[in-house]
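Have a look at the structure below, then the notes.
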Amino acid sequence: MNRKKKINQILKAKHKKKNAKLHKTNKPRYVSKAERATLDTQATEPCENNTPDQPLESLE
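Counting in full-length UniProt numbering, the sequence shown runs from 1 upward without gaps.
Encoded structure:
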């Protein structure tokens, strides 16, 4: 009885792990503070560069 129980227990555990790998999690990917800071600075920089202070003729 014990041998059968142990084998079934092992097979159930393997099956459970296999199913867990198939299903994706709904949790979003972790983004570190440093990455968030760089993404934030990159997002704000293009907004500042889009509004030039000088007219185009004076650049030449």
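Built from N, CA and C at the ideal position, the CB exists for glycine as well.
Below-7 Å beta-carbon distance, residue i vs any chain C residue
i, result
"Ala37", "In the structure shown, chain C does not exist; there is a single protein chain."
Three-way DSSP call (helix, strand, coil) for residue i in this model
i, result
"His15", "helix"
"Lys21", "helix"
"Asn26", "coil"
Reference residue i, options the options, closest by Cα
i, options, result
"Lys33", "Thr41, Asn26 and Lys27", "Thr41"
Same chain, Cβ closer than 7 Å to residue i, five either side skipped, listed in chain order
i, result
"Asn26", "none"
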